[in-house]
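Note that the working numbering has the sequence shown beginning at 38, numbered continuously upward. Just so it is clear, CB atoms sit at the ideal spot from N, CA and C, and this is done for glycine as well. Reviewing the structure listed below.
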Amino acid sequence: MTQQVQRSSADIELAMLMEAIYLKYSYDFRDYTGASQKRRVLHAMGEMKCTTISELQSRVLHDPAAFTQLLQYLTIPVTEMFRDPAYFAALREHVVPVLSTYPSLKIWVAGCSTGEEVYSLAILLKEEGLLERSIIYATDINPQSLEKAKKGVFPLESMRDYTASYQAAGGKRAFSDYYTAAYNAALFDRSLMENVTFADHSLATDSVFAETHLISCRNVMIYFKKKLQERAFGLFHESLCHRGFLGLGSKESIDFSAYGPRFEAVVKRERLFRKLS
């Protein structure tokens, strides 16, 4: 007889909370990794003055504002401009020459969070003469993050680190050319976002909305269980045009996915792949 692994009360409560969120608000966190999810929920409990996950569940079910508050913890943005500069350098060297052969481009930044990656890509495309003929879809499940991304206002104190990353990524101008500094904030040039569409989209529940030449989804799937990773890779494969490119985060890979054989590595170390079939 197979011995059944007994789940803790907290794990059961956590699963019930995620099921309740899905049933009430149609946000599906059920296939997110448990350890990271639990840390975020426990953090939210402390900030929202709840003593148990069940108490938090009750508040979320009866108060949409409480769910909006919890959502900020479940989707904590960990992002920065030109994060992992070698990734952007590899895009310049290996992907841009191919993208430049298309008369028009569609690019999808999945899980764009507060927009730092979108602005980074827009700057790169501008410097390579491709921004004007590109449409960029920037998607996320958190409406507050999307609103912040649209505004393009970031802490001025971050600009020193962002400048160093931009330069390491092969930047061709002074990074300060792209923003105006005022009141301890950096407002980025609005022209960078003229061809960007920000949209609410879930890799867990939504379908493909466009054929794309490049998808960048970085440091998102590390929070997904295997089943949800497979779903996301399926969406990316369906969305990409023939021989389209896929960029992942530094701790992510498509190699062990069912979709692995349908992609080839362009620069494996920087997690850049290209669709085969």
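A contact is defined here as three or more CB-CB pairs under 8 Å, and the region 135–145 fails this definition with respect to the region 179–186. E289 places its beta carbon less than 7 Å from that of I259. Nearest to A47 by C-alpha distance, out of Q94, L60, E164 and K86, is Q94. For G148, the three-state secondary structure derived from DSSP is coil. The Cβ-Cβ distance between M53 and R67 does not fall below 7 Å. Beyond the five residues adjoining it in sequence on each side, F270 comes within less than 8 Å, by CB distance, of I291, S294, A295 and Y296 in the same chain, given in chain order.
E84 and R77 have their C-alpha atoms some 11 Å from each other.
A direct Cα-to-Cα measurement between V155 and Y216 gives close to 14 Å. Within the region 193–225, the runs of alpha helix (DSSP H) at least 4 residues long that lie entirely inside it are, in chain order, 196–205. Secondary structure note for V233: its beta strand (DSSP E) is the uninterrupted segment V233 to D237. Sequence-distant Cβ neighbours of G207 in its own chain, meaning closer than 6 Å and more than five residues away, are A126 and R129.
CA-CA distance, V133 to H80, rounds to 41 Å. The beta carbons of T151 and A186 sit about 5 Å from each other, so the pair counts as a contact at 8 Å. For D48, the secondary structure class from DSSP, reduced to helix, strand or coil, is helix.
Cβ-Cβ distances below 6 Å link P122 to S202, A205 and A206 in the same chain, with the five nearest sequence neighbours on each side left out; the list follows chain order. Secondary structure note for A72: it is in no beta strand (DSSP E), and the uninterrupted alpha helix (DSSP H) holding it is G71 to E84. In this structure A159 is buried. Its beta-carbon is surrounded by 16 or more other beta-carbon atoms within 10 angstroms. Per DSSP, the continuous beta strand (DSSP E) segment holding V303 begins and ends at F300 to V304. A distance below 6 Å between beta-carbons, with the five flanking residues on each side excluded, links P298 to no residue of its chain.
By DSSP's assignment, Y296 forms no beta bridge with any residue.
R268 and A241 do touch by the CB rule: their CB atoms are close to 7 Å apart, below 8 Å. Assigned with DSSP and collapsed to three states, L283 falls in strand. Here DSSP, grouped into helix, strand and coil, assigns K288 to coil.
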